[in-house]
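Chemist: Starting off with a structure, shown below.
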DNA sequence: TTTTTTGTTCAGTTTTAACTGTATAAAAAA
DNA sequence: TTTTTTATACAGTTAAAACTGAACAAAAAA
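Chains as they are written, first to last, in our numbering: chain U, 1 to 161; chain A, 1 to 161.
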């Protein structure tokens, strides 16, 4: 009689928390999958997940890999069970914060490198054509590199908790 | 003879910086548009932008609105010019940091509220059905709310520069 | 006022990302 | 080893987001 009511709540939690997870740059399915594992609170197989979310096993396989790569879920061993089991990290804040900051720092750093390389190219050109006016572009590049540096600093700072 | 070389550099800067801007959750076009305005370093009309990026004026209109809503570009008035002019904020770091953190804090806060509401619903149900075992779900909800709180705290902290 | 210019709305199209199912590979059991 | 079970690669499909163009609305000039 009241089972439906609690199931309804659980559904709402699943739905709502999926939205939160999506904010970290995960796809809807990845987010739903993580939430499912997190709420299940015990290791699940690919078949369990496919069944529960009504999606293909292939989708589970690729999604779980993305989650595992970001250390949001981990593979679990259980004697006697052949299928691979996965469970969500319970320390939500730590897991997502680390994963998210890592993504940012890495990406920003890579972009910064690209601009420093462009800066070198500019210096080359200037050496060969002393008459060229590149001051404006040079200044812009400086600003951009500084911008990346500042971003990197902020995220590294946050990373220290 | 060397004009192409410097134009090539400018193109690369445009391309590369667009990638950086995309990281802040803007669409490719919005990002490209911002970068164009930023590098142009002077107010531009919708027609200028459409022409320069080879896209429709409609796309410019909607994109510029998004950018303006996030305070990444501002409308500029110039006597004698009928068309509306826009220019990018030059303080990259400040502009993007504020816009980005605001988006996060707002979204996290809204999600948190949704969960607090669910918590209230749970309490209601418990009152009417004292026999129900909802402890596990309740604890999960607590964790989730805490998670949102922590995220909010972090972003608010960063916001203080 | 009417005419001209500029900006926006919205339905439809194109492009990109997400997802499926078959076929293959890898791993465990027989 | 062969057989059976489970996971992944990949081509193709479906779903979602980005983008366009015609028609409309708003604002300025005549």
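For glycine and all other residues, C-beta sits at the position ideal for the given N, C-alpha and C.
Every value quoted in this text rests on a predicted model; they were computed, and no experiment measured them.
Can you give me, in chain order, the residues of the stretch 113-127 of chain A that have a beta carbon less than 8 Å from any beta carbon in chain U?
Modeler: For the stretch 113-127 of chain A, which is checked against every Cβ of chain U, the residues closer than 8 Å are 114, 115, 118, 121, 122 and 125.
Chemist: Over what stretch of residues does the beta strand (DSSP E) that includes residue 85(U) continue unbroken?
Modeler: Along the first chain, one-based indexing puts residue 85(U) at 85. That run of the beta strand (DSSP E) goes 85-88.
Chemist: Does the count of Cβ pairs from the stretch 61-78 of chain A and the stretch 27-35 of chain A closer than 8 Å reach three?
Modeler: Cβ pair count under 8 Å is three or more, so yes.
Chemist: So, using beta-carbon positions, are residue 57(A) and residue 67(A) closer together than 7 Å?
Modeler: Taking the first residue of the second chain as 1, we reach residue 57(A) at position 57. Taking the first residue of the second chain as 1, we reach residue 67(A) at position 67. Contact: no.
Chemist: What in chain A is Cβ-close to residue 107(U), meaning under 8 Å?
Modeler: Here residue 107(U) corresponds to residue number 107 of the first chain, with the count starting at 1. Going along chain A in sequence order, the residues near residue 107(U) (Cβ under 8 Å) are 23.
Chemist: In whole angstroms, give me the CA-to-CA distance for residue 63(A) and residue 41(A).
Modeler: The residue you call residue 63(A) lines up with position 63 of the second chain. The residue you call residue 41(A) lines up with position 41 of the second chain. Distance between the alpha carbons of residue 63(A) and residue 41(A): 18 Å.
Chemist: Can a CB atom of chain U be found closer than 7 Å to the CB of residue 92(A)?
Modeler: The residue given as residue 92(A) occupies position 92 in the second chain. Residue 92(A) counts as touching chain U.
Chemist: Quick check: the Cα distance between residue 112(U) and residue 24(A), rounded to an integer number of angstroms?
Modeler: Counting from 1 along the first chain, the entry for residue 112(U) is found at position 112. Counting from 1 along the second chain, the entry for residue 24(A) is found at position 24. Approximately 15 Å between the Cα atoms of the pair.
Chemist: Could you check whether residue 159(U) and residue 101(U) sit closer than 7 Å to each other, using their CB atoms as the reference points?
Modeler: Along the first chain, one-based indexing puts residue 101(U) at 101. Along the first chain, one-based indexing puts residue 159(U) at 159. Closer than 7 Å, so yes.
Chemist: Between which two residues does the alpha helix (DSSP H) carrying residue 156(A) extend?
Modeler: Counting from one through the second chain, the residue named residue 156(A) turns up at place 156. That run of the alpha helix (DSSP H) goes 135-159.
Chemist: Let's test the definition: count the other Cβ atoms within 10 Å of the Cβ of residue 43(U) and tell me whether it reaches 16, buried, or not, exposed.
Modeler: Start at 1 with the first residue of the first chain, and residue 43(U) comes out as number 43. So residue 43(U) ends up on the buried side.
Chemist: Along chain U, which residues have their Cβ under 8 Å away from the Cβ of residue 89(A)?
Modeler: As a working note, residue 89(A) is residue 89 in the second chain. Going along chain U, no residue has its Cβ under 8 Å from residue 89(A), so there is no contact; the nearest lies around 12 Å.
Chemist: Using a Cβ-Cβ distance under 7 Å, would residue 144(U) count as near chain A?
Modeler: As a working mapping, residue 144(U) is identified with position 144 in the first chain. Closer than 7 Å to some Cβ of chain A, the Cβ of residue 144(U) qualifies, so yes.
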